[in-house]
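Student: Quick one: structure below, then a few questions.
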Amino acid sequence: MADNMYEVVAWAKKSADDKFEKITIKRNLPGDDDVTFDMKYCGICHTDVHFAKNDMGNTQYPIVPGHELAGVVSAVGKNVTKFKVGDKVGVGCIVDSCMKCAACDAGDENVCENGGMTMTYANEIKHGHIATDSGYTFGGYSSSQTVNQRYLVKIADSFPLDAAGPIFCAAITMYSPLVHWKAKSGGLNVGIVGIGGLGQMGVRLAKAMGNEVTAISTSPSKEQAAREIGADKFIVSTDPESMKGGENTLDLILNTVSASHQLAAYLPLLRRNGTLVQLGLVLSDHQVQQFPLMMKRISVSGSIIGGMPETQDCMDFCAEHNIVPKVKLITASELDEVYVSLSNKNDQIIRYVLDIEASK
Amino acid sequence: MLPLLRTAVFSWKPSRTLSSMAGMYETTGWGKESKEGKFKPIKFQRNLPGDDDISFDMKYCGICHSDVHFANNDMGNTQYPCVPGHELAGVVTAVGKNVQGFAIGDQVGVGCIVDSCMECRSCQDSLEQFCEKGMTMTYNYETVHGHIRTNTNYTFGGYSTSQTVNKRYLVKIPKSYPLEAAGPVFCAAITMYSPLAYWKATDGGLNVGVVGIGGLGQMGVKLAKAMGNKVTAISTSPNKKDTALEIGADNFVVSTDKESVKSASDSLDLILNTVSANHQLADYLPLLRRDGTLVQLGLVMAPHTVSQFPFIMKRIKVTGSAIGGMKETQECMDFCAKHNIVPQIKLIKAHELDSVYEALGKKNDQVVRYVLDIDASK
Numbered sequence: 002m003a004d005n006m007y008e009v010v011a012w013a014k015k016s017a018d019d020k021f022e023k024i025t026i027k028r029n030l031p032g033d034d035d036v037t038f039d040m041k042y043c044g045i046c047h048t049d050v051h052f053a054k055n056d057m058g059n060t061q062y063p064i065v066p067g068h069e070l071a072g073v074v075s076a077v078g079k080n081v082t083k084f085k086v087g088d089k090v091g092v093g094c095i096v097d098s099c100m101k102c103a104a105c106d107a108g109d110e111n112v113c114e115n116g117g118m119t120m121t122y123a124n125e126i127k128h129g130h131i132a133t134d135s136g137y138t139f140g141g142y143s144s145s146q147t148v149n150q151r152y153l154v155k156i157a158d159s160f161p162l163d164a165a166g167p168i169f170c171a172a173i174t175m176y177s178p179l180v181h182w183k184a185k186s187g188g189l190n191v192g193i194v195g196i197g198g199l200g201q202m203g204v205r206l207a208k209a210m211g212n213e214v215t216a217i218s219t220s221p222s223k224e225q226a227a228r229e230i231g232a233d234k235f236i237v238s239t240d241p242e243s244m245k246g247g248e249n250t251l252d253l254i255l256n257t258v259s260a261s262h263q264l265a266a267y268l269p270l271l272r273r274n275g276t277l278v279q280l281g282l283v284l285s286d287h288q289v290q291q292f293p294l295m296m297k298r299i300s301v302s303g304s305i306i307g308g309m310p311e312t313q314d315c316m317d318f319c320a321e322h323n324i325v326p327k328v329k330l331i332t333a334s335e336l337d338e339v340y341v342s343l344s345n346k347n348d349q350i351i352r353y354v355l356d357i358e359a360s361k
Numbered sequence: 006m007l008p009l010l011r012t013a014v015f016s017w018k019p020s021r022t023l024s025s026m027a028g029m030y031e032t033t034g035w036g037k038e039s040k041e042g043k044f045k046p047i048k049f050q051r052n053l054p055g056d057d058d059i060s061f062d063m064k065y066c067g068i069c070h071s072d073v074h075f076a077n078n079d080m081g082n083t084q085y086p087c088v089p090g091h092e093l094a095g096v097v098t099a100v101g102k103n104v105q106g107f108a109i110g111d112q113v114g115v116g117c118i119v120d121s122c123m124e125c126r127s128c129q130d131s132l133e134q135f136c137e138k139g140m141t142m143t144y145n146y147e148t149v150h151g152h153i154r155t156n157t158n159y160t161f162g163g164y165s166t167s168q169t170v171n172k173r174y175l176v177k178i179p180k181s182y183p184l185e186a187a188g189p190v191f192c193a194a195i196t197m198y199s200p201l202a203y204w205k206a207t208d209g210g211l212n213v214g215v216v217g218i219g220g221l222g223q224m225g226v227k228l229a230k231a232m233g234n235k236v237t238a239i240s241t242s243p244n245k246k247d248t249a250l251e252i253g254a255d256n257f258v259v260s261t262d263k264e265s266v267k268s269a270s271d272s273l274d275l276i277l278n279t280v281s282a283n284h285q286l287a288d289y290l291p292l293l294r295r296d297g298t299l300v301q302l303g304l305v306m307a308p309h310t311v312s313q314f315p316f317i318m319k320r321i322k323v324t325g326s327a328i329g330g331m332k333e334t335q336e337c338m339d340f341c342a343k344h345n346i347v348p349q350i351k352l353i354k355a356h357e358l359d360s361v362y363e364a365l366g367k368k369n370d371q372v373v374r375y376v377l378d379i380d381a382s383k
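Those protein sequence lines, which keep their order, are chains X and E.
When we follow my numbering, the leftmost residue of the first sequence carries the number 2, and every step to the right adds one.
When we follow my numbering, the leftmost residue of the second sequence carries the number 6, and every step to the right adds one.
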């Protein structure tokens, strides 16, 4: 075996057109600042689908996706004090960063200024605190992970492990802009577009923070489930009457739609000084007229996950307020079919989660 | 009504020659009767001042690129005859009995707003530009709120010899401030002042970019600098560099020069973009630092093509702004007077309007605001 590496079972695609298959990969053994954990579950994100299909044009194959990792600690390096064997832990979208720039120092590793953060899968390993046998990262559809303690999140004992993974991508992606745009102390009118994996977390979080929540979806069938998880109002975005009824009502809209769309469709829903935050991996361009921005002083912005301290805050908030994503466990043999259904649309308010033990 | 007004005995006489509508007086302006027509004198009627109104003799009116857009019917909603002008500066001739704080002989101005509903939340917050029933702009707007009238039910602007308006929409110009340079404060300056205040540049310490160093841009540079920010002037014209630095810019970027733009990438917290011609806002996004804001200000008709990625990766925002409310406009005037911020202007007469409009239609290649000299045009 290569120096300081160990073998791990993983599920990968060898090309954009191949189906998922079981492979063996190698990860670094834990160093003094590292933690190794047995994977129990890994959430499935629409972004995984984009990367697996090489939609961004930069995917290295074989690709082992997965950036919503949840497991149980099996080894800790000698400098590690915050974690011990047996702890429930998770990893999200970040597994490395430079650790010395202003952004890293501020706990904003997601915007590391020296070449960017290293993402949990399909990303070139450049910062040297993690290693694999391919030179790029392999994700959570695998039986074990080793990572620097900085990128680990502690999962409260009381929190169900099978639902924890989505906190480190879906939930933090919604939590970070809610905090940044001052919805954390409640009192705002918040809209959530797209009631899928991210959207359900957004509705629950925004509600728990004390905001009035409007769920916005193309699917009228999601209304009941949306209200059950906390939405006060529901707008069908393909229905002009429904959209008109929501005009000028929202202070903040978090738009999770991960398919091509025109953001301008949502601007009329904003009140004066409101903000539309784009979150999904949308590859096509938007056409944006200047007038609505000027006449209502509204803003269009974006956000991407959050830094490590904020991710831990998000985990703790979810545990405190009992915000648990609705998940559906699948095994590796079902990955291809789930990927097809996510590509078409996520027509259920759930997050699919890969059950690692059941897949082995 | 007349005996109840404090009027200047000598200077203000309502016309009795035209068959005036009740409560109206005749005045003269310069306007266009069609998109293709040239500027010519136009007679029209304004309301006599009521208890809450003020009348003033126009002395000067600034010329804004928006005037060009409206006069040419670029938005498709121009009512002809169109008398533009929303940077009015003049001297009070009559004061309604309920009006406090203004006297005959005072220097006053009006900007882009001459009426609003006065009751909605925005009006109550003195954010009349966001009036929920729609503010009435100084020219080309239907007089729906009833506090101002003309003989056509559409407003006529400042390229005219007299204005009557509700006191709420009037700005007091300090005696020390040059009247011929005051008009641009009520449109060009407030348009820059408002976003500087909203995006927290008034206490200084930010890296502010100003795109387009014309009528608005020069005010933006001067204001941002006076507030204590580091200012980068951004222009397609390398020949504006010297003037930009003279009026306060610390840096100068030529936006058509890739190297120049690259050297300033990730450097700005706030960019005020005054460009009033079609362009792509995406060109300026690389200049923003993380969490930075690009504020679009010009009357731009064509949509921008925008990718989501820069917003997600740097949490930057694109937004817009339009003038400011009346309270903020007075603050802006007082700030300019206090910090001696005076726009560079060039006085013209009415017969030069067509050629100035043509020059603005192409580009404003000078760091100057053209101003119509009313007395010299009569």
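Note that beta-carbon positions come from the ideal geometry of N, C-alpha and C, so glycine has one too.
All values reported here derive from a predicted model rather than from experimental measurement.
Would DSSP call Pro8 of chain E helix, strand or coil?
Tutor: Confidence at Pro8 of chain E is low in this model, with a pLDDT of 39, below 50, so the placement of that residue should be treated as unreliable; the coordinate-derived value is given next. Here Pro8 of chain E sits in helix by DSSP.
Student: Hey, is Gly303 of chain X's beta-carbon within less than 9 Å of any beta-carbon in chain E?
Tutor: Closer than 9 Å: yes.
Student: For the ligand ATP, I want to know if Val258 of chain E counts as a neighbour, meaning its beta carbon is within less than 8 Å of at least one of the ligand's heavy atoms.
Tutor: The ligand content of the structure shown is nil, which means the ligand ATP is not present either.
Student: With distance defined between alpha-carbon atoms, name the residue in E:Lys37, E:Thr169 and E:Val323 nearest to Glu275 of chain E.
Tutor: The sequence as given places Leu at residue 275 of chain E; Glu does not occur at that position. Minimum Cα distance to Leu275 of chain E is reached at E:Val323.
Student: How would you write the range of the beta strand (DSSP E) that Arg28 of chain X sits in, first residue to last?
Tutor: It spans Glu22 to Asn29 - the beta strand (DSSP E) in which Arg28 of chain X sits, taken as one unbroken run.
Student: Is the Cβ-Cβ distance between Gln223 of chain E and Ile178 of chain E less than 9 Å?
Tutor: No; because the gap between Cβ atoms is not below 9 Å, this pair is not in contact.
Student: Any chance the stretch 254 to 263 of chain E sits against the stretch 314 to 331 of chain E, with 3 or more Cβ pairs inside 8 Å?
Tutor: Contact between the stretch 254 to 263 of chain E and the stretch 314 to 331 of chain E is absent, because fewer than three Cβ pairs lie under 8 Å.
Student: Does Ser260 of chain E come out as helix, strand or coil in the three-state DSSP assignment?
Tutor: In this structure, Ser260 of chain E counts as coil in the three-state DSSP scheme.
Student: Shortest alpha-carbon distance to Met118 of chain X belongs to which of X:Asp240, X:Gln225, X:Arg151 and X:Trp182?
Tutor: Ranking X:Asp240, X:Gln225, X:Arg151 and X:Trp182 by Cα distance to Met118 of chain X puts X:Arg151 first.
Student: List, in order along the chain, the chain X residues whose C-beta lies closer than 7 Å to that of Thr324 of chain E?
Tutor: Residues of chain X passing the Cβ test: Leu294, Arg298, Ile299 and Ser300.
Student: Check this for me: beta carbons of Asp209 of chain X and Met244 of chain X, under 9 Å apart or not?
Tutor: Note on identity: in this sequence residue 209 of chain X is Ala, with Asp being the wrong assignment. No. Outside cutoff.
Student: What is the C-beta distance between Val325 of chain X and Ala164 of chain X, in whole angstroms, given that I count them as a contact (C-beta under 8 Å)?
Tutor: Indeed they touch by this definition, with Cβ atoms about 5 Å apart.
Student: I need the DSSP call for Asp339 of chain E, collapsed to helix, strand or coil.
Tutor: Helix, per DSSP.
Student: Evaluate Asn345 of chain X with the Cβ neighbour count: other Cβ atoms within 10 Å of its Cβ, from every protein chain shown; 16 or more gives buried, anything less gives exposed.
Tutor: Answer is exposed; the Cβ neighbour count stays below 16.
Student: Can you give me the Cβ contacts of Gly101 of chain E inside the same chain, cut-off strictly under 6 Å, excluding the 5 residues immediately before and after it?
Tutor: Within the same chain, Gly101 of chain E has close Cβ partners Pro54, Gly55, Asp56, Asp57 and Asp58.
Student: Specify, as a first and last residue, the run of the alpha helix (DSSP H) that Arg295 of chain E falls within.
Tutor: That residue, Arg295 of chain E, is in no alpha helix (DSSP H); its beta strand (DSSP E) goes Leu293 to Gln301.
Student: Listing by chain order, which chain E residues have their CB less than 7 Å from the CB of Asp286 of chain X?
Tutor: In chain order: Thr310, Val311 and Ser312.
Student: Answer with buried or exposed for Asn234 of chain E, where buried requires no fewer than 16 other C-beta atoms within 10 angstroms of its C-beta.
Tutor: Buried is the call here.
Student: Looking at the unbroken beta strand (DSSP E) that takes in Met6 of chain X, where does it start and where does it end?
Tutor: Its beta strand (DSSP E) spans residues Met6 to Ala13.
Student: Below 7 Å CB to CB, which residues in the same chain sit around Pro8 of chain E once its five sequence neighbours on both sides are set aside?
Tutor: Summary for Pro8 of chain E: the model assigns pLDDT 39, below 50, so the residue's position carries little reliability; its value from the coordinates is reported in the next sentence. Same-chain partners within the cutoff: there are none.
Student: List the residues of chain E that Val1 of chain X touches, going by C-beta distances under 9 Å, in chain order.
Tutor: Coverage of chain X is limited to positions 2 through 361, which leaves residue 1 of chain X absent and any answer about it impossible.
Student: Give the residues from the stretch 97 to 117 of chain E that approach chain X closer than 9 Å (Cβ to any Cβ), ordered along the chain.
Tutor: Flagged: no residues at all.
Student: From Phe139 of chain X to Val341 of chain X, what distance separates their C-alpha atoms?
Tutor: Taking the straight line joining both Cα atoms gives about 22 Å.
Student: What do you get for Met140 of chain E, buried or exposed, if any count of 16 or more other CB atoms within 10 angstroms of its CB means buried?
Tutor: It counts as buried.
Student: Quick check on the DSSP output: the alpha helix (DSSP H) that includes Gly303 of chain X runs from which residue to which?
Tutor: Run containing Gly303 of chain X: none in the alpha helix (DSSP H); it sits in the beta strand (DSSP E), Ser300 to Gly303.
Student: For Gln279 of chain X, return the contacting residues in chain A, with the cut-off set at a CB-CB distance below 7 Å.
Tutor: The question asks about chain A, but that chain is absent: this structure's protein chains are X and E.
Student: Whose CA, out of X:Thr133, X:Gly308 and X:Ala260, lies closest to the CA of Ser177 of chain X?
Tutor: Per the Cα distances, X:Gly308.
Student: Once the 5 residues before and after Asp72 of chain E are set aside, which same chain residues still bring their CB inside 7 Å of it?
Tutor: Pro89 and Gly90.
Student: The alpha helix (DSSP H) with Asp106 of chain X in it runs from where to where?
Tutor: Run containing Asp106 of chain X: Ala103 to Asp106, per the alpha helix (DSSP H) assignment.
Student: Hey, is Ala104 of chain X's beta-carbon within less than 9 Å of any beta-carbon in chain E?
Tutor: Yes, Ala104 of chain X lies at the interface with chain E (some Cβ there is under 9 Å from its Cβ).
Student: Nearest-angstrom Cα distance between Thr160 of chain E and Gly67 of chain E?
Tutor: Near 17 Å, if we compare the C-alpha coordinates of Gly67 of chain E and Thr160 of chain E.
Student: Taking the DSSP output, what are the residues bridged to Gln61 of chain X?
Tutor: Answer is none; Gln61 of chain X lacks a bridge partner.
Student: Can you tell me whether Gly227 of chain E is buried or exposed, with buried defined as 16 or more other CB within 10 angstroms of its CB?
Tutor: The sequence as given places Lys at residue 227 of chain E; Gly does not occur at that position. With 16 or more Cβ atoms within 10 Å of its Cβ, Lys227 of chain E is classed as buried.
Student: Figure out for me which residue from X:Glu213, X:Val77, X:Ile351 and X:Lys155 has the closest Cα to the Cα of Ile196 of chain X.
Tutor: If we check each option's Cα against that of Ile196 of chain X, X:Ile351 comes out closest.
Student: Using a Cβ-Cβ cutoff of less than 6 Å, which residues in the same chain neighbour Ala76 of chain X once the five nearest sequence positions on both sides are dropped?
Tutor: These residues qualify, in order along the chain: Pro31 and Thr37.
Student: How about Met2 of chain X: is its C-beta nearer than 9 Å to some C-beta of chain E?
Tutor: Residue placement at Met2 of chain X is flagged as unreliable, the pLDDT there being 44, under the threshold of 50; a coordinate-derived value is accordingly withheld.
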